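Trainee: Be aware that the sequence shown starts at 1, since it is given in full-length UniProt numbering, and climbs by one per residue. Below is one structure. I have some questions about it.
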Amino acid sequence: MQMPRGNLETIHPRLFVIRVIKQLIDEQNYLEAIKCMKKHRIDMNLIVDYKPDVFMNSIPMFIQSVADPELMTIFVTALNNDRSQYCDGIVISDKVNRITEILVREILSLAPNRRVHMFAVVLSALLKSSPPQVEEALRLMKKETDESSGRLTESGSEEGEIRRNVNFNVAEMSNRDPKEYVPLLNELRKVEPDDYRKFRIDMVREDWKSALTHLSRLDDKWNEAVALIREKQLYSAALIIYKNSSRFKDVCSIYAEVLELNALWDEAALIYNRAGDNEKELRCLELSRNVERYVSRARVLGLPDEVVNTAIMKMATVLKASGRWCEVAKALEIAKAPAASIIEAYSKAGRWLNGVDAAERFRAGFLSLDVSLMREFLAGHAKGLFEDVGTKSEEFHRYMKRLALVRSIKKENIMKIKNGIECGKNFEIDRKKQSLKEGGEYEDSALLNILATHYHWLNDVMAELIELLPALVRIDELSLALSLQQSVEKFFIDASINHPQIWPNRLHPWNLPGPIDGLYTVDGIFTPPKDGQMPEVVSLGKSIYSIVFKGIATATSGECYY
Numbered sequence: 001m002q003m004p005r006g007n008l009e010t011i012h013p014r015l016f017v018i019r020v021i022k023q024l025i026d027e028q029n030y031l032e033a034i035k036c037m038k039k040h041r042i043d044m045n046l047i048v049d050y051k052p053d054v055f056m057n058s059i060p061m062f063i064q065s066v067a068d069p070e071l072m073t074i075f076v077t078a079l080n081n082d083r084s085q086y087c088d089g090i091v092i093s094d095k096v097n098r099i100t101e102i103l104v105r106e107i108l109s110l111a112p113n114r115r116v117h118m119f120a121v122v123l124s125a126l127l128k129s130s131p132p133q134v135e136e137a138l139r140l141m142k143k144e145t146d147e148s149s150g151r152l153t154e155s156g157s158e159e160g161e162i163r164r165n166v167n168f169n170v171a172e173m174s175n176r177d178p179k180e181y182v183p184l185l186n187e188l189r190k191v192e193p194d195d196y197r198k199f200r201i202d203m204v205r206e207d208w209k210s211a212l213t214h215l216s217r218l219d220d221k222w223n224e225a226v227a228l229i230r231e232k233q234l235y236s237a238a239l240i241i242y243k244n245s246s247r248f249k250d251v252c253s254i255y256a257e258v259l260e261l262n263a264l265w266d267e268a269a270l271i272y273n274r275a276g277d278n279e280k281e282l283r284c285l286e287l288s289r290n291v292e293r294y295v296s297r298a299r300v301l302g303l304p305d306e307v308v309n310t311a312i313m314k315m316a317t318v319l320k321a322s323g324r325w326c327e328v329a330k331a332l333e334i335a336k337a338p339a340a341s342i343i344e345a346y347s348k349a350g351r352w353l354n355g356v357d358a359a360e361r362f363r364a365g366f367l368s369l370d371v372s373l374m375r376e377f378l379a380g381h382a383k384g385l386f387e388d389v390g391t392k393s394e395e396f397h398r399y400m401k402r403l404a405l406v407r408s409i410k411k412e413n414i415m416k417i418k419n420g421i422e423c424g425k426n427f428e429i430d431r432k433k434q435s436l437k438e439g440g441e442y443e444d445s446a447l448l449n450i451l452a453t454h455y456h457w458l459n460d461v462m463a464e465l466i467e468l469l470p471a472l473v474r475i476d477e478l479s480l481a482l483s484l485q486q487s488v489e490k491f492f493i494d495a496s497i498n499h500p501q502i503w504p505n506r507l508h509p510w511n512l513p514g515p516i517d518g519l520y521t522v523d524g525i526f527t528p529p530k531d532g533q534m535p536e537v538v539s540l541g542k543s544i545y546s547i548v549f550k551g552i553a554t555a556t557s558g559e560c561y562y
């Protein structure tokens, strides 16, 4: 081609080059194919991805055809698990590892002279695999060096070639100067014993678990092992590595101390148990406020009741501060605290049946006092709940009527719209959605949100009645139980009937919360509805989602206990 400046230049259109390369691959002329790809900087994966099955079966022919360690190394280095952009077939799974494995096997099966000549390719393949097989590469390098030194070669040329290939390969894969790693390799050869040398090699490779495995076999290197475990956070791995070792309990103690420092009390107690340190195990269980586990372990270890009860009372004090009343009640019962404090804890936890049981257990001399106290807690809570149900029911009906009115007004306005109106501002929209001010543009959103809270509250009440109603029957408050059950049941029926009206299955435009201009505005452009049609795009805010309303509980389904 003659360029504008007058020069005659040759061009190579990429599509034509790819066609030529594919022809060379079909002819199994891999040497010319690789040379052409190198010259035109084409991804070497094309050789594999063009016809994967054919190439996998032709790797011995590929090695024989190329026979150039430099070109082969370039090919191996370029391998990846992605598909070449010049192919559209299916990529073979685990491509890199499968190819490198076959390359290593085939080259190592060659005659000694050819194997030495291609040894750099073996190292490249081992380092290219995932994960890199550095240890295997070093092993083969040592083996090949020893074998080469035993053969009669001209001026030691074979061993020298291996060393040159190794240095070239390491330099290429690590980007380090030979002056940096050659002294290291020489130093590693002198390290004894074998497990310690492998540990040093693993540290260079940054394979910490393998390094710890080799170090665990050397009793005199325990301090180094501890330092490695702490520095590289190998606590979990160390438990497995030292499982059958005399140092296992020491490893457990080290790990448990770390867990304790991080306030992971239950986990620390478990590992202290494996370490055989019962005192620290109990201390962690006490700090975790795990009352049942603490008592169980204390009894197994034979601790005196006075010591156990003192620890449990301390735990109960902390549990009270965090509002964990059910656990407080259990702790107080185990510690044989006064009945009044146990009943109070069960009452605050909402465990009414447990509270009644506790009151009856103290009947010897204290029946009237304890049952009266339980009756006071139960009746007071039930009466308060009865009043709340009435208040919530009134609010529910008021909000329902207002929502129906707001939707009817919105329906009329939607049907009247003919011309575009100015798009509303987004200023403080979230705040407005919570405002119940009548006439507000987000009033329907606020009504839906407040009605949703009423449904959630009713769900919680029905769940509580499962224990509360039987407890009222147990203390002979039959009249109060019946009144409360009927009140909640009436509210539930009203809520069930109105639920489809609040969140209908089939939506109309006026069922969508928010101002009309916001509903029909997309990308800042208002499109007036035609004959009350739905907007082109609907924003699904949380208020539009239906509340999951649980079925009425067994205690409120009409099955009375009286």
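Virtual Cβ for every residue (Gly too), placed ideally from N, Cα, C. Everything numeric in this text was worked out from a predicted model, so none of it was measured.
Just checking my contact of V20 with I99 at CB under 8 Å: how many whole Å lie between their CB atoms?
Mentor: Residue numbering aside, residue 20 sits at position 20 when the sequence shown is read from its first letter. Residue numbering aside, residue 99 sits at position 99 when the sequence shown is read from its first letter. Rounded, the Cβ-Cβ distance is 23 Å, inconsistent with contact.
Trainee: Could you tell me whether the Cβ of P304 comes closer than 8 Å to any Cβ of chain C?
Mentor: Absent from the structure: chain C. Only one protein chain is present.
Trainee: Over the uninterrupted alpha helix (DSSP H) stretch that includes Q485, give me the two end residues.
Mentor: Stepping through the sequence shown from its first residue, residue 485 is reached at position 485. Looking at the DSSP string, the run of the alpha helix (DSSP H) that includes Q485 is 478-502.
Trainee: For A331, count the other beta carbons within 10 Å of its own beta carbon; 16 or more makes it buried, fewer makes it exposed. Which is it?
Mentor: As a working mapping, residue 331 is identified with position 331 in the sequence shown. So A331 counts as buried.
Trainee: CA-CA distance, G276 and K249?
Mentor: Start at 1 with the first residue of the sequence shown, and residue 276 comes out as number 276. Start at 1 with the first residue of the sequence shown, and residue 249 comes out as number 249. Their backbone Cα atoms lie some 7 Å apart in a straight line.
Trainee: Have a look at L228, M374, A268 and flag the residue whose alpha-carbon is nearest the alpha-carbon of D476.
Mentor: For the purposes of this step, residue 476 is taken as the residue at position 476 of the sequence shown. With distances taken between Cα atoms, D476 lies closest to M374.
Trainee: In the DSSP assignment, find the alpha helix (DSSP H) that holds E292 and state where it starts and stops.
Mentor: The residue you call residue 292 lines up with position 292 of the sequence shown. Residues 291-301.
Trainee: Using C-beta distances below 7 Å, list every residue in its chain close to M61, excluding the 5 sequence neighbours before and after it, in chain order.
Mentor: Against the sequence shown, residue 61 aligns to sequence position 61. Excluding residues within five positions, the ones whose Cβ falls inside 7 Å are Q28.
Trainee: Exposed or buried, what is M44 when buried is set at 16 or more other beta-carbons lying within 10 Å of its beta-carbon?
Mentor: If you number the sequence shown from 1, residue 44 lands on position 44. By the 10 Å Cβ count, M44 comes out buried.
Trainee: Would you tell me roughly how many angstroms separate the C-alpha atoms of E135 and K128, rounded to the nearest one?
Mentor: Start at 1 with the first residue of the sequence shown, and residue 135 comes out as number 135. Start at 1 with the first residue of the sequence shown, and residue 128 comes out as number 128. In a straight line, the C-alpha of E135 is about 13 Å away from that of K128.
Trainee: Could you name the residues of the same chain whose beta carbon sits closer than 8 Å to that of K314, not counting the 5 residues immediately before and after it, in chain order?
Mentor: Taking the sequence shown and counting its residues from 1, one reaches residue 314 at position 314. Closer than 8 Å at Cβ, skipping near neighbours: E286.
Trainee: Contact check, A495 vs F396 under 8 Å by CB: the rounded distance?
Mentor: Residue 495 sits at position 495 when you count from the first residue of the sequence shown. Residue 396 sits at position 396 when you count from the first residue of the sequence shown. Correct: roughly 7 Å between the Cβ atoms.
Trainee: What is the residue span of the alpha helix (DSSP H) that D53 lies within?
Mentor: Here residue 53 is taken as the residue at index 53 of the sequence shown, counted from 1. Its alpha helix (DSSP H) spans residues 52-57.
Trainee: If you drop the 5 nearest sequence neighbours on each side, which residues of the same chain put their C-beta closer than 6 Å to that of M400?
Mentor: As a working note, residue 400 is residue 400 in the sequence shown. Hits under 6 Å: N498.
Trainee: Could you pull out every unbroken alpha helix (DSSP H) segment of at least 4 residues lying fully inside the UniProt domain "ELP1 alpha-solenoid" (14-148), listed in chain order?
Mentor: For the UniProt domain "ELP1 alpha-solenoid" (14-148), whole alpha helix (DSSP H) runs of length 4 or above, ordered along the chain, are 14-26, 30-39, 46-50, 52-57, 59-66, 69-78, 95-108, 112-117, 119-128.
Trainee: So which of A33, G350, R197, Y50 has the shortest CA-CA distance to S65?
Mentor: Position 65 of the sequence shown, counting from 1, holds the residue named residue 65. The option with the nearest alpha carbon to S65 is A33.
Trainee: Please name the residue, chosen from N354, G355, L448, that lies closest to R398 on a Cα-to-Cα basis.
Mentor: Taking the first residue of the sequence shown as 1, we reach residue 398 at position 398. Out of N354, G355, L448, L448 has the C-alpha closest to the C-alpha of R398.
Trainee: Taking the alpha carbon of I450 as the reference point, which residue from Q485, R402, E281 has its own alpha carbon closest?
Mentor: Reading the sequence shown from its first residue, position 450 is the one you call residue 450. Taking only the C-alpha atoms, the option nearest I450 is R402.
Trainee: For W325 and A349, which I take to be in contact (beta-carbon distance under 8 Å), what is that distance rounded to the nearest angstrom?
Mentor: Within the sequence shown, the letter at position 325 stands for residue 325. Within the sequence shown, the letter at position 349 stands for residue 349. Rounded, the Cβ-Cβ distance is 4 Å, consistent with contact.
Trainee: Could you check if K198 is buried or exposed, using at least 16 other CB atoms within 10 Å of its CB as the buried criterion?
Mentor: As a position in the sequence shown, residue 198 is number 198, starting the count at 1. Buried, by the Cβ-count rule.
Trainee: Can you tell me which of the three DSSP states E376 falls into?
Mentor: Within the sequence shown, the letter at position 376 stands for residue 376. Reduced to three states, the DSSP call for E376 is helix.
Trainee: What's the call for P13, buried or exposed, on a 16-neighbour Cβ count within 10 Å?
Mentor: For this step, residue 13 is matched to residue 13 along the sequence shown. By the 10 Å Cβ count, P13 comes out exposed.
Trainee: Suppose the cutoff is 8 Å on Cβ atoms and the five residues either side in sequence are ignored; what does the same chain contact list for V389 look like?
Mentor: Position 389 of the sequence shown, counting from 1, holds the residue named residue 389. Cβ neighbours of V389 beyond the five flanking positions: V461, L484, S487, V488, F491.
Trainee: For the alpha helix (DSSP H) that contains L451, what are its first and last residues?
Mentor: The count along the sequence shown starts at 1 and reaches residue 451 at position 451. Unbroken alpha helix (DSSP H) run through L451: 443-474.
Trainee: Helix, strand or coil for V318 per DSSP?
Mentor: In the sequence shown, the residue the question calls residue 318 occupies position 318. In this structure, V318 counts as helix in the three-state DSSP scheme.
Trainee: Report yes if the CB atom of E267 is closer than 8 Å to the CB atom of L259, and no otherwise.
Mentor: Within the sequence shown, numbered from 1, the residue matching residue 267 stands at position 267. Within the sequence shown, numbered from 1, the residue matching residue 259 stands at position 259. Yes, Cβ-Cβ distance for E267 and L259 is below 8 Å.
Trainee: Return yes when the Cβ of A298 is within less than 8 Å of the Cβ of V308, no when it is not.
Mentor: Mapped onto the sequence shown, residue 308 falls at position 308. Mapped onto the sequence shown, residue 298 falls at position 298. Yes; because the gap between Cβ atoms is below 8 Å, this pair is in contact.
Trainee: Check whether the region 111-120 touches the region 76-86, taking contact to mean three or more Cβ pairs, one atom from each stretch, closer than 8 Å.
Mentor: Too few Cβ pairs lie closer than 8 Å, so no.
Trainee: Please report how far the alpha carbon of R189 lies from the alpha carbon of V54, in whole angstroms.
Mentor: Within the sequence shown, residue 189 is the residue found at index 189, counting from 1. Within the sequence shown, residue 54 is the residue found at index 54, counting from 1. C-alpha separation (whole angstroms): 42 Å.
Trainee: Anyone know if the C-beta pair for A335 and I312 falls short of 8 Å?
Mentor: Taking the first residue of the sequence shown as 1, we reach residue 335 at position 335. Taking the first residue of the sequence shown as 1, we reach residue 312 at position 312. Cβ distance < 8 Å, so A335 and I312 count as in contact.
Trainee: Is DSSP giving R324 helix, strand or coil here?
Mentor: Walking along the sequence shown from the start, residue 324 turns up at place 324. Reduced to three states, the DSSP call for R324 is coil.
Trainee: Residues in the same chain with beta-carbon distance under 8 Å from M37, minus the five sequence neighbours each way, listed in chain order, please.
Mentor: Along the sequence shown, read from residue 1 onward, the residue named residue 37 stands at position 37. Excluding residues within five positions, the ones whose Cβ falls inside 8 Å are I21, D43, M44, L46, I47.
Trainee: Does at least one heavy atom of the ligand NAP sit under 7 Å from the Cβ of A256?
Mentor: Among the ligands in the structure shown, none appear at all, so the ligand NAP cannot be discussed.
Trainee: Just tell me which of N57, S124, E224, R105 has its CA closest to the CA of V76.
Mentor: Against the sequence shown, residue 76 aligns to sequence position 76. Taking only the C-alpha atoms, the option nearest V76 is S124.
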